[in-house]
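Okay, structure first, notes after.
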């Protein structure tokens, strides 16, 4: 994922302009609210907190704060069902990634993602390996885990500005 | 040729122009020009006494070239041309220019410079007429005969109109029967008329009145004396010229001749059974068949792709009138027609490619065309609405709109008629079966025609349910043989699982099969969606860029029947107008080739937007370009393209362009740096006109008119700089709105190329710029002229080594 400089949202129309300038956000304005995405979405059918059509609608109205501060963008499971079926070729899952990136850049990061990021930087793994799992490995004939090579990874994360980004909690 | 004796006539618009322009100085200047034998001033010259003065001078032989500076140039030019032409002078010897709108008015703040510019404009006009050649009038044959391709609603109506007007008409249909797609639609909206009903001919036929519509089989269309109907036929070749085409038709064998009495014995013994395409494969038919009990022609036909012919021949044995001939062969027919009307219609999109809707996989998912055949009491189910899977009555029906239309994966456009088709079918079913449970899933309901919204109202009143939401998938429960439509009701923001016995897909309407091939044969264009493309969608909706070839009906875009009829009548009028005189008289304001220079290159045939140029053998193993004077529109795009200058326009040759460039830049009394604006006589020119009415721009912008900016060559621009121009503006139509299709785009490319060339010569490329303007953008022209003047002042004096 390429990180684009955050331009900040001044007005409603600026917001959608900024989304379109993000990698993955380009197709958002093609949406004509047919609802194919919503009925395709496994998450929307389990919780009212997420509905891709509704999310895009609010974004298209320029309500940037509501989108970026809300939890909806973090609930997408990235199954791509909606994107496959969208008749307007809106890259819905990619749009949601773009919105997440915008949220992160404005410091609105859910704690779990910070934990993931710290795990990556400190251990080289997004999901921490518990003592329990480590103990179980020989039972399955697996060798003990070697520590991940964190140094090269840290260099990359520093060069891309990832480390600063996740410490930007707002 | 006789030496030029030029008369210059200066209109001062009731003395208004002389308040700005110094007419004394202008007159003196004109009198000093070689060949100018008369200079006259009056208030106006386009009518009354002024015009009489010009005509008298022409008639007496005092002058043989005319330059008129008129205050109302557009109307004036036509009026002057008409009179001078009847006085016997060739129109190419007459030049009308606009000293008011193109000089005095926009430069009223700088009278000295305006006077200087007026002199330059007049000198350019004089140099142009001095070098003019007479233009011949040519007469081409126009055969009073028309070929109509497609026997659907549009084709039948156009054919009938023209036959009634006395033209010999050939109506060809690729299928064995007339009627097209509409005949399968049961009823038409918005009148709920029968689909097989057409307008009846106005010819004097017993039992046929002109006031009514009639079923195809009783309309009398087949009995119009000068209308010949050819079914099972298609166009395979086109030769000749507009007004005199030779069309080759391939007529497939019917194997059944006119002796057929349509008794049906043949079909009853025929052992071959195949799915019936006409009935959307809901039924089966024999190899020998008729679509419907009442069709035209009322003759059986054998499907040659499945018949066993002499191996079987049971039909031949039973036919009571010996009407079956299994030895019939395909025929090739050549027709000589003056005009061609394409009315090939559209077809329904096959939605099986949309995997999530499972069309073709679950039998109870059908399209509108299939539903129409079910609703038809002559159809495969006798009017019963059933589930094809178990033939049980369908009670719960869900319609899905926009299937494959408004869908960028398949057809991005809105087919326009599917909302109305769904409303029509839903209400027809509900009327017959009030207990039917009907739901229409839609994105937007589009009912934009007359009385269309009433259909929508009626549907709601009848209890048809509307769900705003496009379903994601149609699922099938094998246990209950029920379909489930998975959709979000957007208004409630609630997910629905609609159970259905039958799901009807409102599939897109798409270009008919063979459109691409036919377009290629006829040399006409398709639009980006694959429909036949009109010459101008606003004002010439039935014409193509090939004269004499017209398009109408659903072949140009999906249409309802009233719109298709309207379009067909319009095409018929255009064909009649084209052929009515029996001849086409044309001033040869066209391109001609100097065969001494031309050879073996394909630039002009490829760039001509009208297919008017072909390569012909020159005799010594080489090829030269040949212009069809009938197809040529005289734009000059070929001139601008030819790498060796071997092609020229009769009405404006290169010498005339060069002479005008020099003349326009030669008058330089105030020694202000000059900009030359070369503008086309279409939209670009009208932007100058409108700028001249109320706005002002610098007088150092000198203007040169060409037919189309496509005529401009890099050489002309270099010539302008050599002649003293400090900047050059090219003013053309919008690229997509060029009156000659490609001229503006060609000019744009040429400008880019010339900029590179200028840079190589050490000349600032910024001295050259192209502008694409229309009439309402006069302000933009004025702004562009000011911008260029300021720009060249900043750049300083141009020095050419």
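Chains as they are written, first to last, in this note's numbering: chain A, 317 to 486; chain B, 16 to 816.
Beta carbons: idealized from backbone N, C-alpha and C, even for Gly.
First through last residue of the beta strand (DSSP E) which encompasses residue i
| i | result |
| --- | --- |
| residue 784(B) | 783–787 |
| residue 53(B) | 51–57 |
| residue 632(B) | 628–632 |
| residue 761(B) | First-last for residue 761(B): 758–775, but that is the alpha helix (DSSP H), not the beta strand (DSSP E). |
| residue 259(B) | 259–266 |
| residue 607(B) | 606–608 |
| residue 801(B) | Unbroken run through residue 801(B) is the alpha helix (DSSP H), 793–810; no beta strand (DSSP E). |
| residue 429(B) | Segment: none, residue 429(B) is in no beta strand (DSSP E) and carries neither H nor E. |
| residue 31(B) | No beta strand (DSSP E) contains residue 31(B), which DSSP labels as neither H nor E. |
Counted within 10 angstroms of its Cβ, other Cβ atoms place residue i as buried (16 or more) or exposed
| i | result |
| --- | --- |
| residue 101(B) | exposed |
| residue 420(B) | buried |
| residue 356(B) | buried |
| residue 317(A) | Bear in mind that a pLDDT of 39 at residue 317(A), under 50, signals an unreliable position, so the model cannot answer this. |
| residue 370(A) | buried |
| residue 339(A) | exposed |
| residue 251(B) | exposed |
| residue 153(B) | exposed |
| residue 583(B) | buried |
| residue 501(B) | buried |
| residue 476(A) | exposed |
| residue 362(B) | buried |
| residue 428(A) | exposed |
| residue 269(B) | buried |
Chain A within 7 angstroms of residue i, Cβ atoms only
| i | result |
| --- | --- |
| residue 544(B) | no |
| residue 363(B) | no |
| residue 485(B) | yes |
| residue 405(B) | no |
| residue 458(B) | yes |
| residue 505(B) | yes |
| residue 128(B) | no |
| residue 808(B) | no |
| residue 500(B) | no |
| residue 124(B) | no |
| residue 402(B) | no |
| residue 801(B) | no |
| residue 422(B) | yes |
Within-7 angstroms CB hit, residue i to chain B
| i | result |
| --- | --- |
| residue 403(A) | yes |
| residue 352(A) | yes |
| residue 452(A) | no |
| residue 361(A) | yes |
| residue 355(A) | yes |
Continuous alpha helix (DSSP H) stretch holding residue i: start and end
| i | result |
| --- | --- |
| residue 569(B) | From DSSP, residue 569(B) is part of no alpha helix (DSSP H); its letter is neither H nor E. |
| residue 492(B) | Per DSSP, residue 492(B) belongs to no alpha helix (DSSP H); it is in the beta strand (DSSP E), 488–492. |
| residue 397(A) | 397–401 |
| residue 526(A) | For residue 526(A) there is no data in the structure shown, the boundaries of chain A being 317 and 486. |
| residue 172(B) | 168–179 |
| residue 585(B) | 576–594 |
| residue 451(A) | 447–452 |
| residue 416(A) | 408–421 |
Where in the stretch 686–739 of chain B do unbroken runs of the beta strand (DSSP E), each at least 3 residues long, occur, reported from the N-terminal end onward?
689–695, 716–721
Could you name each continuous beta strand (DSSP E) segment of 3 residues or more that falls completely within the stretch 613–674 of chain B, going from the start of the chain to the end?
628–632, 638–642, 662–664
With a floor of 4 residues, list each alpha helix (DSSP H) that falls wholly inside the stretch 37–113 of chain B, ordered by position along the chain.
38–46, 63–74, 88–101
According to a CB-to-CB cut-off of less than 9 angstroms, which residues of the stretch 507–531 of chain B neighbour chain A?
508, 510, 511
What residues in the stretch 711–744 of chain B have a beta carbon less than 9 angstroms from any beta carbon of chain A?
none
Can you pull out the residues from the stretch 338–350 of chain A whose beta carbon lies closer than 8 angstroms to at least one beta carbon of chain B?
346, 348, 349, 350
Just by C-beta distance, which residues in the stretch 407–425 of chain A are closer than 9 angstroms to chain B?
none
In chain order, what residues of the stretch 366–394 of chain A put their CB closer than 8 angstroms to some CB of chain B?
367, 369, 370
Pull out every residue of the stretch 352–383 of chain B whose Cβ sits closer than 7 angstroms to any Cβ of chain A, in chain order.
371
Unbroken stretches of the alpha helix (DSSP H), 4 residues or longer, contained in the stretch 416–487 of chain B:
433–447, 467–476
Ordered list of beta strand (DSSP E) runs contained in the stretch 282–344 of chain B, each at least 3 residues
288–290, 299–301
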